Amino acid sequence: QMEGHIERPIGRRVCTSVALVFALVLAGYAVRLVDLQALRGEELRERSEENRLRVEVIPADRGTVLDRVGMRLAWNESDARAYVSEPGFGHLVGFVGLPSREDLVASSSIPLDAAIGKAGIERKEELALRGDRGSRLVEINSLGAVVSESAERRPLHGDDVTLTVDGRVQSKLYRGIEGVAKEYGWVGGAGIIMDVETGELL
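Residues 971 to 1172, numbered by our numbering, are exactly what the sequence shown covers, in order.
What follows is the structure in structure tokens.
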């Protein structure tokens, strides 16, 4: 089938052009290698270390709120803050929630995802109840799986807060006011029982 065809050798110009293209490609790779290894090697090594090592926050348990005889009014559970089920304690104990913009402006030490006191004793005794978060260093591989971890700083449990209030007296006073309010058609009421010798609110 090749009968009658004349084969011509590749010209020197073509060989030179191909060799030049290969040389340019190799030069480009060499320049990139020098850039990554020699010029930016330390920076890239530090960046890879940061990607490989991650600091995770260990939340601190919030302190417990107790009445004067040790009855729990607010405590921790696995998924949320728990409160006494008896009526008449909501306004006293308060509740927790995520920090507002005003909270973050007032204190730069509050983490964005922390549950902080928003009302009542939870707010008034926030610094004591909050505790201090811990942290641990976690090593991950290229697939994102945890290879090892070590605790850097253990979290500090928040302080327990004991009130002068007696939970049984509080509950009975609330029910008494509630009964009178319903009897006379009032929408609410308030009252206190105080130890006149010490000034403690019961």
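We put the CB at the ideal spot given by N, CA and C, even for glycine. Bear in mind the structure is a predicted one, so any value in this text is a computation, not a measurement.
Residues near H1127 by beta carbon distance below 8 Å, same chain, minus five either side: A1030, D1031, G1033 and G1101
G1067 - DSSP class collapsed to helix/strand/coil: strand
Within 8 Å, strictly: CB atoms of G1064 and R1106: In this structure, G1064 keeps its C-beta atom at 8 Å or more from the C-beta atom of R1106.
DSSP bridge partner residues for Y1053 (one or two, in chain order): A1044
Member of G1146, P1069, A1052 and D1165 whose CA lies at the smallest distance from the CA of G1159: G1146 is the residue among G1146, P1069, A1052 and D1165 whose C-alpha sits nearest the C-alpha of G1159.
Close beta carbons around R1042, own chain, < 7 Å, minus the five adjacent residues each side: Cβ neighbours of R1042 within its own chain (closer than 7 Å, five residues either side excluded): T1034, L1036 and V1054.
Beta strand (DSSP E) segment containing R1024, residue limits: L1023 to I1028
Residue range of the unbroken alpha helix (DSSP H) whose run includes L1133: Boundaries for L1133: no alpha helix (DSSP H) harbours it, and the DSSP string shows neither H nor E there.
Collapsed DSSP secondary structure at I1091 in the structure displayed: helix
Contacts around A1098, its chain only, beta-carbon distance under 8 Å, and the 5 residues preceding and following it disregarded: G1033, G1128, D1129 and V1131
Buried versus exposed, by CB contacts within 10 Å (16 or more), L923: Residue 923 lies beyond the stretch modelled for the chain, which goes from 971 to 1172, so this question has no answer here.
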